[in-house]
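Chains as they are written, first to last, in my numbering: chain A, 185 to 465; chain B, 185 to 465.
2 protein chains.
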Amino acid sequence: MSQWFRDGKPATAVSIDDRAFHYGDGLFETVAVRGGEPRLWQYHMERMTLGCERLSLEMPAVDEVRDELQVALGQHSPRNGDCIAKIVLSGGPGQRGYGRPPGTVGALLIGLFDYKPVPRQAYVDGIDTVVCETPLATGSPTAGLKTLNRLEQVLGRSECLAADAFEGLMLDAGNRLICGTMSNVFIVSDNSVITPSLERCGVAGVMRRLLLKALVERGLAVKAADVPIDELWNSDEVFLTNSQFGALSVRRCGEREWPVGGVTRLSQGLLAENGVGECAL
Amino acid sequence: MSQWFRDGKPATAVSIDDRAFHYGDGLFETVAVRGGEPRLWQYHMERMTLGCERLSLEMPAVDEVRDELQVALGQHSPRNGDCIAKIVLSGGPGQRGYGRPPGTVGALLIGLFDYKPVPRQAYVDGIDTVVCETPLATGSPTAGLKTLNRLEQVLGRSECLAADAFEGLMLDAGNRLICGTMSNVFIVSDNSVITPSLERCGVAGVMRRLLLKALVERGLAVKAADVPIDELWNSDEVFLTNSQFGALSVRRCGEREWPVGGVTRLSQGLLAENGVGECAL
């Protein structure tokens, strides 16, 4: 079940001349609402603010976005206060033509969706993945951002569904591991923790950011770097992060299998300590 | 003035769960309607069909698309039968999540916009351009297609408007000339005609296709190839193609100026012979 809101009222449609519809001109955030509170709210709003800067869109006042979310939650009343809030900032209505006039005011929409937790067993045993054939284009001017241009993820995710895998790992056009279709990736090699650089493509997830901070504070050597695909195959452990599920071990990618590793378990523990209750084992 | 149609009726909105709005999941064509007839209709429909194959979207029957366009034109009655028809095929409604279930039926929308011809003088003297700072990501799985993921063009076009230029030339992340924000590019060097390869990014325009065919049939050496930016600066002539305006000479890009060249004039003549009346001088 889902429900959309705009300006505090239920919404079912967007204007046919909305720039998000025509060009994917806009940004979004998928926020985990748990017990009525949006998790990692500051990180989500910081990423959206950065996105607005890079796209020259006007960022709404964060307090107002928070107020609108609260109004929506008040009307939707999710069970236990748990749901997924999708916050979309579109480029707003426009005429034909790619150019966005300066001062265009975007449209803010908030969608609330049922939260379906990942089964407990997946946190314990890990999940299965495949490598997607769809590449991520490299050198993107929107690398790291969560824009509404997501065709690569649509194609990758559709591959993943066809393969009946939990997640698809995506490589860039240079055969480097970048991320999952809806998650970020960490690998552990020789006790060093590496997450792919997102300078050229990919989305810089909020859970990735939280975990990087937590690992560094725990004293682990962590770096964001290029990860040629062979480094994935040669790694000792692999796990994924995502705003909704926290962290999950990758137990398989195609033919390659991994045991659940120590850094993965540590990461789940650190996230649990930092408010991501799903990761408490 | 513009008017949108769906299923033969005026439309003002799209469903808030449309996949085009959320992911830019879909395709479009911008068709020149002249004297009531859609120009290069077959090329447009072939590109959309190819796009559907690559995106695993179901392509509507071309005859039905043509019928819907005709119904729309009948209601809109553009002056002299001249207008711009934007045909959008969106991924249709969906739930949250990137994956598109197999068998998803897309939504076909037709927008009719006023046609404002490029001033006569521009065909004679050429137009001014700039090089956009926004790069095109390279190695895109949708290279060549006209998808609804157009943020790079939005950013490039906005730069171009800020610079008050007619068009912005876009380079890929490897500093190769690819295309304009809304046009394709041809350069002439040592009597050889080159248009950038669109294997890694860019949109393969219908006017580019028509002109390539016409030039080859006229016996000219023409090739699609990589064009490092220096080859632009060292070229003897440069011109642009686009479904609406046909072909226009580039007389300036930043500080570099070019005279209107012989191949440009020949190209305008060939297009005029092939039904692109705007190019008849």
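For every residue, glycine included, the Cβ atom is placed at its ideal position computed from N, Cα and C.
With C-beta atoms as the reference, is residue i less than 9 Å away from residue j?
| i | j | result |
| --- | --- | --- |
| A/Gly290 | A/Gly275 | yes |
| A/Val422 | A/Pro380 | no |
| B/Leu293 | B/Ile311 | no |
| B/Leu273 | A/Gly208 | no |
| B/Ser186 | B/Gly295 | yes |
| B/Cys386 | B/Asp356 | The sequence shown places Gly at residue 386 of chain B, rather than the Cys named in the question. Cβ distance < 9 Å, so B/Gly386 and B/Asp356 count as in contact. |
| A/Val338 | A/Leu224 | no |
| A/Thr288 | A/Gly281 | no |
| A/Thr365 | A/Arg341 | yes |
| A/Leu394 | A/Cys363 | no |
| B/Phe212 | A/His228 | no |
| A/Pro286 | B/Ala347 | no |
| B/Leu450 | A/Leu335 | no |
Hey, residue i and residue j are a contact pair by Cβ (cut 8 Å); roughly how many whole angstroms apart?
| i | j | result |
| --- | --- | --- |
| A/Glu353 | A/Thr313 | The amino acid at residue 353 of chain A is misidentified as Glu; the sequence shows Leu. The Cβ separation is near 5 Å, so the contact holds. |
| B/Arg231 | B/Ala388 | 7 Å |
| B/Val198 | A/Val198 | 6 Å |
| B/Asp298 | B/Cys344 | Not confirmed; about 21 Å, so no contact. |
| B/Arg436 | B/Trp417 | Not really, about 12 Å apart at Cβ, beyond 8 Å. |
| A/Gly461 | A/Val315 | Actually they do not touch by this definition, with Cβ atoms about 31 Å apart. |
Would you mind sorting residue i into buried or exposed? The rule is 16 or more other CB atoms within 10 Å of its CB.
| i | result |
| --- | --- |
| B/Asp251 | exposed |
| B/Leu191 | In the sequence on display, residue 191 of chain B carries Asp and not Leu. Exposed, since its Cβ has fewer than 16 Cβ neighbours within 10 Å. |
| B/Thr322 | buried |
| B/Pro325 | buried |
| B/Ser464 | The sequence as given places Ala at residue 464 of chain B; Ser does not occur at that position. Under this definition B/Ala464 is an exposed residue. |
| B/Ala349 | buried |
| A/Lys330 | buried |
| B/Gly328 | buried |
| B/Val308 | exposed |
| A/Thr448 | buried |
| B/Gln254 | exposed |
| B/Ala256 | buried |
| B/Gln452 | buried |
| A/Ser261 | exposed |
| B/Gly210 | buried |
| A/Val400 | exposed |
| B/Pro478 | Nothing about residue 478 of chain B can be read from this structure; chain B reaches only from 185 to 465. |
| A/Ala468 | Residue 468 of chain A is absent from the model: chain A starts at 185 and stops at 465. |
| B/Glu351 | buried |
| B/Arg304 | exposed |
| B/Gly258 | exposed |
| A/Leu235 | Note that residue 235 of chain A corresponds to Gly in the displayed sequence, not to Leu. So A/Gly235 ends up on the buried side. |
| B/Gly445 | buried |
| B/Arg263 | exposed |
When you measure from the CB of residue i to every non-hydrogen atom of the ligand MN, does any distance come out below 8 Å?
| i | result |
| --- | --- |
| B/Cys363 | Among the components modelled here there is no ligand, and therefore nothing to report on the ligand MN. |
**OP:** Take every Cβ of the segment 375 to 384 of chain B, pair it with every Cβ of the segment 398 to 414 of chain B, and state whether three or more of those distances are shorter than 8 Å.
**Re:** Result yes; three or more Cβ-Cβ pairs closer than 8 Å.
Subject >> Cβ contact check for the segment 444 to 460 of chain A and the segment 195 to 205 of chain B: 3 or more pairs under 8 Å >> reply: No contact exists between the segment 444 to 460 of chain A and the segment 195 to 205 of chain B.
Original post:
Which runs of the alpha helix (DSSP H), 4 residues or longer, sit entirely within the segment 231 to 281 of chain B?
Top reply: At a cut-off of 4 residues, the continuous stretches assigned as alpha helix (DSSP H) that sit fully inside the segment 231 to 281 of chain B are 246 to 260.
Original post:
Is there contact between the segment 412 to 432 of chain A and the segment 206 to 221 of chain A, where contact requires at least three CB pairs shorter than 8 Å?
Top reply: Judged by Cβ distances under 8 Å, the segment 412 to 432 of chain A makes contact with the segment 206 to 221 of chain A, as three or more pairs qualify.
Subject >> Cβ contact check for the segment 231 to 250 of chain A and the segment 362 to 369 of chain B: 3 or more pairs under 8 Å >> reply: Because the criterion of three Cβ pairs below 8 Å is not met, the segment 231 to 250 of chain A and the segment 362 to 369 of chain B do not touch.
**OP:** At 3 residues or longer, and completely inside the segment 373 to 444 of chain A: list those beta strand (DSSP E) runs for me, N to C.
**Re:** Listed in chain order, the beta strand (DSSP E) elements of length 3 or more contained wholly in the segment 373 to 444 of chain A are 376 to 380, 406 to 409, 421 to 426, 430 to 437.
**OP:** Kindly provide the ranges of any alpha helix (DSSP H) runs that are 4 or more residues long and lie completely inside the segment 304 to 372 of chain A, ordered along the chain.
**Re:** Restricted to the segment 304 to 372 of chain A, the alpha helix (DSSP H) segments that are unbroken, complete and at least 4 residues in length are 304 to 309, 335 to 346, listed in chain order.
Original post:
Considering only residues of the segment 189 to 229 of chain A, which uninterrupted alpha helix (DSSP H) runs meet the minimum length of 4 residues and lie entirely inside it, listed in chain order?
Top reply: For the segment 189 to 229 of chain A, whole alpha helix (DSSP H) runs of length 4 or above, ordered along the chain, are 203 to 207.
Original post:
Taking Cβ-Cβ distances below 7 Å as the criterion, which residues of the segment 379 to 404 of chain A are in contact with chain C?
Top reply: No chain C appears in this structure, whose protein chains are A and B.
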